[in-house]
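What follows is a short report on a single structure.
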Amino acid sequence: MREIPLFPLNAVLFPGVRLKLHVFEDRYRTMVRHSLDRDGLLGIVMIHRGMEALGPLPEPCQVGTLGRIVENDTFADGRMNITVLGLDRFRIFSTTSNPQPYLIGMVETSPFELPNLIQVHRESRLLSRSVQKYLSGLHQSLIPNLDVTDFTPPNDPMSLVFLAAALLQIPPIEKQSILEAASIINMLQIVERLYRRENGLMSALNEIDNSSPRREAWLN
């Protein structure tokens, strides 16, 4: 176990993924400075109860991701833009805010189980196809300027599922359930189901868009 500063957010960080943050509150600016003075490590945790800013310290979810600050741009007024790289999943055993103005957690790394490599690679192939279909759908219907021609999904199943989870445009609470998955197979299956759902929704929206001119003609 180890003690780390905790940054409660309405966001979820996955291992191997980068998260850009704008830090403006005094307590979190202090936390970032303290972190940079030591090893640059902090814990990104989704808020379970409470507000992200300008209120009492919120209650965090019990599972988060250890991150390292890899980029830091400090403004003259003390505000910061930082980039945090996700490293390992952890579970919180206790928290305190004494003597600091921010949360400190006693945490333990919580690695993902890899029970069946053959099934892991089978599930990752299914997910890879779903991710490519999803990005193509975003390009066609929602983000026309998105260039997906050079996107190549990672071959490593863990890198793939973490990136896939981060790319999904879904509420943070759903991403938190992904982070809390018991095993990598469970995570792959959860993420693939979410991609199938989102791909189905995009297909339905595209059908509505394509049929709109015909319906307008019927009304004339």
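Just remember that the working numbering sits 4 ahead of the position in the sequence shown, which is counted from 1.
Ideal Cβ positions, reconstructed from N, Cα and C, are used throughout, including at glycine.
The bridge partners DSSP lists for Pro19 come to none.
Annotation for Phe28: no beta strand (DSSP E) segment contains it, and DSSP assigns it neither H nor E. Ser207 sits in a helix when the DSSP states are folded into three classes. By the CB criterion at 9 Å, Gly141 and Met206 fall inside the cutoff. Under DSSP, Asn85 forms a beta bridge with His26, Asp77. Of Glu112, Asn85, Lys24, the smallest CA-CA separation from Met5 is found for Glu112.
A direct Cα-to-Cα measurement between Leu58 and Pro157 gives close to 39 Å.
Here Ser132 is buried. Its C-beta has 16 or more other C-beta atoms within 10 Å.
Distances from the alpha-carbon of Met110 to those of Gln193, Ile194, Gln66 put Gln66 closest.
Gly71 and Ser39 have their C-alpha atoms spaced approximately 11 Å apart.
Beta-bridge analysis with DSSP links Phe94 to Gly68, Thr113. Ser187 carries a strand assignment under DSSP once its states are collapsed to helix, strand and coil. Taking all protein chains in view, the Cβ of Phe18 is crowded by 16 or more other Cβ atoms within 10 Å, so the residue is classified as buried.
Residue burial annotation: Thr100 is exposed, with fewer than 16 other C-beta atoms found within 10 angstroms of its C-beta. About 5 Å separates the beta carbons of Pro12 and Pro62, which is inside the 8 Å limit, making them a contact pair. By the 16-neighbour rule on beta-carbons within 10 angstroms, Phe97 is exposed.
Taking a cut-off of 8 Å on C-beta distances, the segment 30-38 does not touch the segment 179-198, as fewer than three cross pairs fall below it. Per DSSP, the unbroken alpha helix (DSSP H) holding Gly141 starts and ends at 121-141.
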